[in-house]
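Q: Sequence positions in the sequence shown follow mature numbering (1 follows the signal peptide of the UniProt record, and there is no 0) and run -21 to -1, 1 to 411.
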Amino acid sequence: MLCTFILLFCFSADLFDFGLADPPGSPPAPVLIQDQNRGSSLVLRCQTPQGHKGRLFKLYKTQDLVDTVQLDAEQTQAEFQLQDGTMEQETYYCCQYDNSMISPYTTVRAPPPGPIRPLTPPQLLVTPSDGRAIPGQMMHFHCQVPPTSLVQNPLTFVLRRRPWGAHIDQEVGRSSSPHFKVGPVSQKEGGTYTCLYQRTMSERIQNSDSSSAVAVNIAAHLPPPQLSHDGEGMLVCTGSPSYPGAHFSLYRQGADDPSARRHAPMVKHSAQFNVSEVHRQVGGGYQCQYSVLLGHEWAHSERSAAITLPCPTGSSFCSVPPTGYIPPSKGDRVDLALIIGSVSAALLFMLVVVIVGIAVHKHVKAAAVKRRQREQDTLWQQVHSRDHIIDLTLQRINFSPSDNFAEGNGRISVSEPIYDCPFSTFTSPFDK
């Protein structure tokens, strides 16, 4: 308390030195009152004595003039607002209206800081969008902040990187701009990247949460290999001729772990895999991949197109049931659909056989009729082609007693012809 009195006494002496002392005959001093806070602002009210008014009100911070209020008409009070960012923990203020005396000093204490509102984490965007780059390429990062955070205090953006296999983040850059440029990149720039932003407040810095991590792979582009089947029980994986002596891996399609690995000789860029060693199940495809060591980092190619291996005839693993197959028990019901299908197929086959038999019978019958017709036509042609002259020579028959005897004997006597000229029908006219 004694220290406060001494300090106020010194301040009063300073007021006389700076010309702020009360001149003789001045209006009485006002009273400076601290009102309730309004949001993030502190309100100080300069109240005149009863019966006095003023148009120009001034606010002093110890000895410095910090604010003035000019009114259109004389009033008994005026308000001053102190922003949260301009307030100190404990400060002395006084006020004055027109040419009045100076008010007593008022100790103004800043309100206790409220709970800090967490900042929304940003979103990190990278170009190229897939995070893959080759050595010597430039990469661009954009730390995108939610729109609600842009209208607040100035922001500082921080880009960080965690190398592959490390557990600590390294700061890549810090800037007031959300855009970062990294490069030309090399193998050491690979890893996961995150960003955050900082908001500068009155006496502290508030950090946002980190963005989601973005993976960045720096490696030379390896052309995808080709997988082929030579027909002799070998799978051949052929990589790029630019990378001889690569390490080859054979994968079953959809699997994460390789089924077999081979290291190609230093002068070759292909490797062979024995089908009998890897083809353990029926169906499915296979893919291959090769890897090369570039500097201190391994570069991996994409997987080749999948090929399906045929099941060798007589192979023991052809009968291996697929995964998840459960054989039926003896008490299971008969497959009615299979029986109906089999009967339908048999009936259809019999119907086809009957139709084919009828068609063949009709064809054979028609061929026989045509053959018989041709034979008749040939016969009649032969008949019509002959000379149709018939010898109708008439014989005279004499009846006599001897004839009766002959008739009794069952014999008939034939005499000479009744005409002399064979080409004349009658030799004499008819008797009338």
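Backbone N, C-alpha and C fix where the C-beta goes; we use that ideal spot for every residue, glycine too.
Per DSSP, which residues does Pro142 bridge with? Please list them.
A: Gly170
Q: Quick one: measure Cβ to Cβ for Ser187 and Tyr172, integer angstroms, because I've assumed they're closer than 8 Å.
A: No, Ser187 and Tyr172 are not in contact; Cβ-Cβ is about 16 Å, not under 8 Å.
Q: Measuring CA to CA, which of Asp236, His146, Cys174, Ser165 is closest to Arg153?
A: Cys174
Q: Grab me the residues of Glu69's own chain with a C-beta within less than 8 Å of its C-beta, minus the 5 sequence neighbours each way, in chain order.
A: Thr86, Val87, Arg88, Ala89
Q: Looking at the strands, I want to know which residues DSSP matches up with Leu44.
A: Tyr39
Q: Is the segment 198 to 206 touching the segment 117 to 124, taking contact as three or more C-beta pairs under 8 Å?
A: no
Q: Assign Phe227 to buried or exposed, taking buried as 16 or more other Cβ atoms, counted over all protein chains shown, within 10 Å of its Cβ.
A: buried
Q: Rounding to the nearest angstrom, what Cα-Cα distance links Asp148 and Pro126 in this structure?
A: 27 Å
Q: Which first and last residues belong to the beta strand (DSSP E) in which Gln355 is found?
A: Gln355 -> not in any beta strand (DSSP E); alpha helix (DSSP H) instead, spanning 315 to 363.
Q: Classify Arg139 as buried or exposed, calling it buried when 16 or more other Cβ atoms lie within 10 Å of its own Cβ.
A: buried
Q: Can you have a look at His248 and say buried or exposed, based on whether 16 or more other CB atoms are within 10 angstroms of its CB?
A: Counting of Cβ neighbours within 10 angstroms places His248 among the buried residues, the total reaching 16 or more.
Q: Following the continuous alpha helix (DSSP H) through Ser255, name the residue where it begins and the one where it ends.
A: 254 to 257
Q: Using 9 Å as the threshold, is the C-beta distance between Val254 and Leu214 below it?
A: Contact flag set, yes.
Q: How would you write the range of the beta strand (DSSP E) that Asn78 sits in, first residue to last?
A: First-last for Asn78: undefined, no H or E at that position.
Q: Applying the 10 Å Cβ sphere with the 16-neighbour rule, what's the burial state of Ile81?
A: buried
Q: Hey, out of Asp43, Arg96, Arg34, whose CA is closest to Gln56's CA?
A: Just measuring C-alpha positions, the residue of Asp43, Arg96, Arg34 sitting nearest Gln56 is Arg34.
Q: Measuring CB to CB, does Val105 end up less than 9 Å from Val193?
A: yes
Q: Could you tell me if Val246 is buried or exposed, where buried requires 16 or more neighbouring beta carbons within 10 angstroms of its beta carbon?
A: exposed
Q: On the CB-based measure, 16 or more other CB atoms within 10 Å of its CB, does Leu229 come out buried or exposed?
A: buried
Q: How would you write the range of the beta strand (DSSP E) that Ile197 sits in, first residue to last?
A: 193 to 197
Q: Hey, would you say Phe252 sits closer than 9 Å to Cys216, going by beta carbons?
A: With contacts defined as CB atoms closer than 9 Å, Phe252 and Cys216 qualify as a contacting pair.
Q: Confirm, please, whether the CB-CB distance from Cys122 to Cys74 is below 9 Å.
A: no
Q: What first and last residue would you give for the beta strand (DSSP E) that runs through Met245?
A: Per DSSP, Met245 belongs to no beta strand (DSSP E) and is neither H nor E.
Q: Do the CB positions of Gln232 and Ile197 come within less than 9 Å of each other?
A: no
Q: Look up Ile147 in the DSSP assignment and give the residues it is bridged to.
A: Paired residues: none, contrary to the question.
Q: Residues bridged to Lys32 by DSSP?
A: Lys32 is not bridged to any residue.
Q: What residues in its chain sit with their C-beta under 8 Å from that of Val151, if we drop five residues either side in the sequence?
A: Leu138, Arg139, Arg140, Phe159, Val161, Tyr172
Q: Within a Cβ cutoff of 8 Å, which residues of the same chain sit near Ala145, ignoring the five residues on either side of it in sequence?
A: So the list reads Gly170, once near-sequence residues are dropped.
Q: Using DSSP bridges, identify the partner residues of His226.
A: According to DSSP, His226 bridges with His242, Ser270.
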